[in-house]
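Here the structure is laid out as structure tokens; the discussion comes afterwards.
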């Protein structure tokens, strides 16, 4: 089966995730990328939205998770996103999620902190 991908890149949210009190009270920006692996042959041939995933629904799902229940770890947030996308979109065979904090304070200069997680339906 072909490895076709749909990507949504740099989805930007303001939320209150993090391990410190400051992160929990002040909040910060988070950026999320998702890559959805699925067979896009039928959608390509038919030009029919019903044969793929609606990008708006993917974005809405990610937004609900990121702006929902607080996580201490980026790893937990990425896992929630990956798990929910696989549950909600049965056509998706695998999902890759990247969650970034573009402003991270680690005591030195760092461009951003990022977690990447890939999950397959059979996992």
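Numbering (our numbering), first residue to last: 214 to 336. We treat Cβ as the ideally placed atom computed from N, Cα and C, and that holds for glycine. Bear in mind that the values here come from a model prediction, so they are computed numbers and not experimental data.
Helix, strand or coil at residue i [DSSP, three-state]
{"i": "residue 233", "result": "coil"}
{"i": "residue 262", "result": "helix"}
{"i": "residue 323", "result": "coil"}
{"i": "residue 306", "result": "coil"}
Selected residue, minimal CA-CA separation from residue i, among the options
{"i": "residue 230", "options": "224, 240, 221, 222", "result": "240"}
{"i": "residue 158", "options": "266, 290, 235", "result": "Residue 158 falls outside the range modelled here, since the chain spans only 214 to 336, and no answer is possible."}
{"i": "residue 283", "options": "323, 234, 270, 327", "result": "234"}
{"i": "residue 273", "options": "319, 297, 307", "result": "297"}
{"i": "residue 237", "options": "305, 286, 295", "result": "286"}
{"i": "residue 269", "options": "308, 332, 221, 335", "result": "221"}
{"i": "residue 242", "options": "252, 248, 226", "result": "226"}
Rounded straight-line distance, which links the Cα of residue j to that of residue i
{"i": "residue 250", "j": "residue 330", "result": "13 Å"}
{"i": "residue 303", "j": "residue 321", "result": "43 Å"}
{"i": "residue 261", "j": "residue 299", "result": "21 Å"}
Other residues of its chain near residue i: CB distance less than 6 Å, five sequence neighbours each side excluded
{"i": "residue 245", "result": "224, 275, 312"}
Close-in-space but distant-in-sequence residues of the same chain around residue i (CB under 7 Å, 5 per side omitted)
{"i": "residue 317", "result": "323, 325, 326"}
* Inspect the CB distances between the region 256-271 and the region 310-319 and report whether three or more fall short of 8 Å. => Judged by Cβ distances under 8 Å, the region 256-271 makes no contact with the region 310-319, as fewer than three pairs qualify.
* Would the region 218-234 and the region 278-287 be scored as touching if the rule is three or more Cβ pairs under 8 Å? -> They touch, by the three-pair rule.
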